[in-house]
Amino acid sequence: MPELPEVETCRRIVESELAGLTVVRTEVRLPKLLRFSEIPSLQAIEGRQVLGARRRAKLMIVDFSGDLTLIIHFKLAGQLSVHRPTGRRITAGHPVPNPDGPYPHKSTHIDILFDDGSIAYLSDIRQFGWLRLMPSDRVDAEIAAYAFGPEAFGNERITPEQLRRSLLRRSIPVKLALLDQGLVAGIGNIYADEALHRARIHPGTPANLLSKPATARLWEGIGWALERGIEQGGASIVHQKAYPVDGFPAVHGREQEACPVCGTPIKKITVGTRGAYYCPRCQKKRTRAHPAAKPAPESPG
DNA sequence: TGCGTTGTTTCACC
DNA sequence: CGGTGAAACAACGC
Numbered sequence: 113m114p115e116l117p118e119v120e121t122c123r124r125i126v127e128s129e130l131a132g133l134t135v136v137r138t139e140v141r142l143p144k145l146l147r148f149s150e151i152p153s154l155q156a157i158e159g160r161q162v163l164g165a166r167r168r169a170k171l172m173i174v175d176f177s178g179d180l181t182l183i184i185h186f187k188l189a190g191q192l193s194v195h196r197p198t199g200r201r202i203t204a205g206h207p208v209p210n211p212d213g214p215y216p217h218k219s220t221h222i223d224i225l226f227d228d229g230s231i232a233y234l235s236d237i238r239q240f241g242w243l244r245l246m247p248s249d250r251v252d253a254e255i256a257a258y259a260f261g262p263e264a265f266g267n268e269r270i271t272p273e274q275l276r277r278s279l280l281r282r283s284i285p286v287k288l289a290l291l292d293q294g295l296v297a298g299i300g301n302i303y304a305d306e307a308l309h310r311a312r313i314h315p316g317t318p319a320n321l322l323s324k325p326a327t328a329r330l331w332e333g334i335g336w337a338l339e340r341g342i343e344q345g346g347a348s349i350v351h352q353k354a355y356p357v358d359g360f361p362a363v364h365g366r367e368q369e370a371c372p373v374c375g376t377p378i379k380k381i382t383v384g385t386r387g388a389y390y391c392p393r394c395q396k397k398r399t400r401a402h403p404a405a406k407p408a409p410e411s412p413g
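So for the first sequence, this note's numbering puts the first residue at 113; every next one is plus one.
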């Protein structure tokens, strides 16, 4: 499920593997993926050079020469796989189809062929993702329409103060607040669970009841989880089951497995409409340091 | 085979 | 007007 770390990994792949190359041919077997696209065909990028790639929230933004820009949303199951003429493959996003198997695959809907023989394959087993090709000067307005909040990671990253202010204005479960792209942009279900576990916060805690130290831990937890995810090139979750690397993810997709911190079996509950994995021992529903240690009644006057 | 899955949008309701 | 919660939607695998 491509969230910020998976999309960021894709972005880096485009930057390091494709920037400078020229598109010689495109193959679109599922035109529906371009259903929201101002320019309805990828033919317009043939003959154009890849200039670079940006990211905003979970969107990947690829700039081409000739003032064309392609915005990609991977949604649940998008995948980018770049195949070099040497046979080397670099893959990120959803782990299905198997990156080591044959391409194009049944779910590989788009091929982009480059002048050096490299091919970029875009796959999407769920077909929920989309691509929008447009003149580059439309991109800012396109992104502005999403009303994204500050980034969860990177240069424009949300500050601890911004996070605290935003959370104080919401009474919804903190996990849902983290998923609100208008509050902070880029976090999805996996990294929300991981950040909350790292911060030792119960996912159902009303956002405005988090203590200041808890909010500070959460801010750090967000950064830690996203960084860890990027470091690993994204998390691998297949059919709600995690395939952790070095103990990460710690809780998401790991129901009944032992919490890596305390060994307690991980629980799965529903928060809002979302599955939430957490450790019932590390993440208790208390955020005030000492709820009972408040004996001093105020004198009436 | 109906259910679960996610990001996003929409809508009724305070 | 804005926050909330619920539902709908896309398509697929199990």
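Glycine included, C-beta positions come from ideal geometry on N, C-alpha and C. Remember, predicted model here, so these are calculated numbers, not experimental data.
- The alpha-carbon separation between PRO152 and LYS218 amounts to approximately 22 Å.
- The residue from GLY190, VAL363, ARG329, ILE313 with its alpha-carbon nearest to that of PHE240 is GLY190.
- In the structure shown, LYS170 falls within a coil segment according to DSSP collapsed to helix, strand and coil.
- DSSP places GLN191 within a strand segment (E or B) once states are collapsed to three.
- Put simply, of GLY298, ARG281, GLY205, ILE255 the residue whose alpha carbon is nearest the alpha carbon of ARG269 is GLY298.
- By the Cβ neighbour-count rule, ARG147 is exposed, with fewer than 16 other Cβ atoms within 10 Å of its own.
- Cβ-Cβ distances below 8 Å link LYS397 to HIS314, GLY316, THR317 in the same chain, with the five nearest sequence neighbours on each side left out; the list follows chain order.
- Each residue's CA atom was taken as its position, placing ALA370 and ALA362 some 9 Å apart.
- A direct Cα-to-Cα measurement between THR203 and CYS122 gives close to 8 Å.
- When DSSP states are grouped into helix, strand and coil, ASP252 belongs to the helix group.
- PHE226 is bridged by DSSP to VAL135.
- Straight-line spacing of the CA atoms in ALA311 and ILE222 works out to 40 Å.
- In the three-state scheme derived from DSSP, where H, G and I count as helix and E and B as strand, ARG366 is classed as coil.
- For LEU245, the enclosing beta strand (DSSP E) stretches over residues 242–247.
- Residues ARG160 of the same chain have their beta carbon placed closer than 6 Å to that of GLY178, with the five preceding and five following residues left out of the count.
- Contact annotation: PHE265 and GLY335 have beta-carbon atoms nearer than 8 Å.
- Taken through DSSP and simplified to helix, strand or coil, GLN344 comes out as coil.
- Counting the other CB atoms within 10 Å of its CB gives SER193 a total of 16 or more, which places it among the buried residues.
- Assignment of ALA264 by DSSP, reduced to helix, strand and coil, places it in the coil class.
- Segment contact: the stretch 284–304 against the stretch 327–341, three or more CB-CB distances shorter than 8 Å; contact assigned.
- In chain order, ALA354, ILE378 place their CB closer than 6 Å to the CB of ARG366, counting only its own chain and leaving out the 5 sequence neighbours on each side.
- Pairing GLY359 with PRO372, the inter-Cα distance amounts to about 7 Å.
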